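Numbering (full-length UniProt numbering), first residue to last: 195 to 419. Yeah, the Cβ is synthetic: ideal placement off N, Cα and C, and Gly gets one too. Computed from a prediction, not measured in an experiment: that's the story for all the values here. Shown next, in structure tokens, is the structure this report addresses.
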Ligand code: C5P
């Protein structure tokens with residue numbers, strides 16, 4: 195049973211990996227399954243929110259009652275998020291957004307020419323979607339509550355707290371890994387200005403429901419950073 199702690203809220207969630215094209219048939223992606231983000235979208239909906247889920251390429255069913263927008267690249271994801279952020283009251287960035295994209299995707303399939311030469315890829319940095327949204331006036335004044343995620347390989351608390359301050363979000367959630375990609379279970383470390391709270395190992399849906407309650411609890415009283 196999920197109490198309607200987000201009734202009247204409009205929640206925007208990003209989930210899954212992004213896909214950055216190299217040419218029409220090749221690209222760069224990552225192993226994010228989208229399961230945590232989809233579970234959060236479902237839990238937010240159960241809690242009474244209107245939910246928009248911006249999803250990178252994943253093979254997951256849309257949670258009941260959730261509006262889904264499918265995207266491929268980080269820049270597609272940024273556009274979709276920008277279009278919905280104005281009306282949102284909560285933004286939860288779970289997507290594993292590619293840090294870089296090939297600087298110029300080839301319009302045609304890159305061919306082997308028989309010389310043994312290999313293509314040299316140049317990269318451009320993608321815009322940080324979470325930091326962009328956290329910089330909106332509504333986020334600065336606390337009308338849009340932003341939540342980030344972090345997957346750190348070491349010193350989770352220190353690195354995640356630094357990331358929270360750098361991205362200027364009131365709540366940052368660390369994956370207590372090491373490797374939760376594609377798994378149905380996880381454990382989370384919630385980090386805010388007051389300190390940290392561990393949500394012990396459980397199903398991603400159970401963790402999502404707990405996280406939604408924590409977000410609702412913090413929204414009442416919390417100012418950014
Ligand atoms: O900097 P790092 O990628 O570790 O930060 C992770 C957090 O930032 C996640 O919440 C992720 O969804 C978000 N992010 C983003 N846009 C990017 C990179 C990360 O929204 N380009």
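| request: Could you tell me the boundaries of the beta strand (DSSP E) in which residue 304 lies? | output: Taking the first residue of the chain shown as 1, we reach residue 304 at position 110. Element bounds for residue 304: n/a, residue is neither H nor E.
| query | Does the ligand C5P have even one heavy atom less than 7 Å from the beta-carbon of residue 320? | reply | Here residue 320 is taken as the residue at index 126 of the chain shown, counted from 1. Under cutoff, so the answer is yes.
| Beta-carbon proximity list for residue 417, same chain, < 8 Å, skipping 5 on both sides | If you number the chain shown from 1, residue 417 lands on position 223. Residue placement at residue 417 is flagged as unreliable, the pLDDT there being 39, under the threshold of 50; the coordinate-derived value follows with that caveat. Counting only Cβ-Cβ distances below 8 Å, and skipping sequence neighbours, we find 336 and 364.
| Per DSSP, the bridge partner or partners of residue 339 | Taking the first residue of the chain shown as 1, we reach residue 339 at position 145. 284.
| Going by DSSP, which residues form a beta bridge with residue 380? | As a first step, residue 380 is located in the chain shown; it is residue number 186 there, counting from the start. In the DSSP output, where bridge partners are listed per residue, residue 380 has 396.
| query | By DSSP, does residue 202 sit in helix, in strand, or in coil? | reply | One-based indexing of the chain shown puts residue 202 at position 8. In this structure, residue 202 counts as coil in the three-state DSSP scheme.
| Under 8 Å between C-beta atoms of residue 207 and residue 288 | Taking the chain shown and counting its residues from 1, one reaches residue 207 at position 13. Taking the chain shown and counting its residues from 1, one reaches residue 288 at position 94. Yes, they are a contact pair.
| task | Can you check DSSP and say which residues form a bridge with residue 369? | result | Translated into positions along the chain shown, residue 369 becomes position 175. According to DSSP, residue 369 bridges with 382.
| What residue range is occupied by the uninterrupted beta strand (DSSP E) comprising residue 249? | Position 55 of the chain shown, counted from the start, is the residue given in the question as residue 249. Segment 244-249, the beta strand (DSSP E) holding residue 249.
| task | For my contact list, residue 249 and residue 262 are in at a C-beta cut-off of 8 Å; report their separation, rounded to the angstrom. | result | Here residue 249 corresponds to residue number 55 of the chain shown, with the count starting at 1. Here residue 262 corresponds to residue number 68 of the chain shown, with the count starting at 1. The Cβ separation is near 6 Å, so the contact holds.
| query | Shortest alpha-carbon distance to residue 203 belongs to which of 214, 244 and 212? | reply | Counting from 1 along the chain shown, the entry for residue 203 is found at position 9. Selected option, being the one with the closest Cα: 244.
| said: Quick check on the DSSP output: the alpha helix (DSSP H) that includes residue 326 runs from which residue to which? | reply: Here residue 326 refers to the residue found at position 132 of the chain shown. Unbroken alpha helix (DSSP H) run through residue 326: 323-328.
| said: If I measure Cβ to Cβ from residue 211 and keep anything under 6 Å in the same chain, skipping five residues before and after, which residues do I get? | reply: Within the chain shown, numbered from 1, the residue matching residue 211 stands at position 17. Within the same chain, residue 211 has close Cβ partners 223, 224, 226, 250 and 290.
| said: Which same chain residues end up closer than 6 Å to residue 286 when comparing Cβ atoms and leaving out the 5 residues on each side of it in sequence? | reply: The residue labelled residue 286 in the question sits at position 92 within the chain shown. Answer for residue 286: 207, 234 and 341, listed in chain order.
| query | What residue from 350, 237 and 228 has the CA that sits closest to residue 195's CA? | reply | As a working note, residue 195 is residue 1 in the chain shown. Among 350, 237 and 228, the Cα nearest to that of residue 195 belongs to 237.
| For residue 388, is the classification buried or exposed, using 16 other Cβ atoms within 10 angstroms of its Cβ as the cut-off for buried? | By one-based count along the chain shown, residue 388 stands at place 194. The residue in question, residue 388, is exposed, as its Cβ has fewer than 16 Cβ neighbours within 10 Å.
| task | Go through its chain and collect everything with a Cβ distance to residue 260's Cβ below 6 Å, but skip five positions before and after it. | result | Residue 260 sits at position 66 when you count from the first residue of the chain shown. Contacts found: 235, 239, 245 and 247.
| query | residue 317 by DSSP, collapsed to three states: which one? | reply | As a working mapping, residue 317 is identified with position 123 in the chain shown. In this structure, residue 317 counts as strand in the three-state DSSP scheme.
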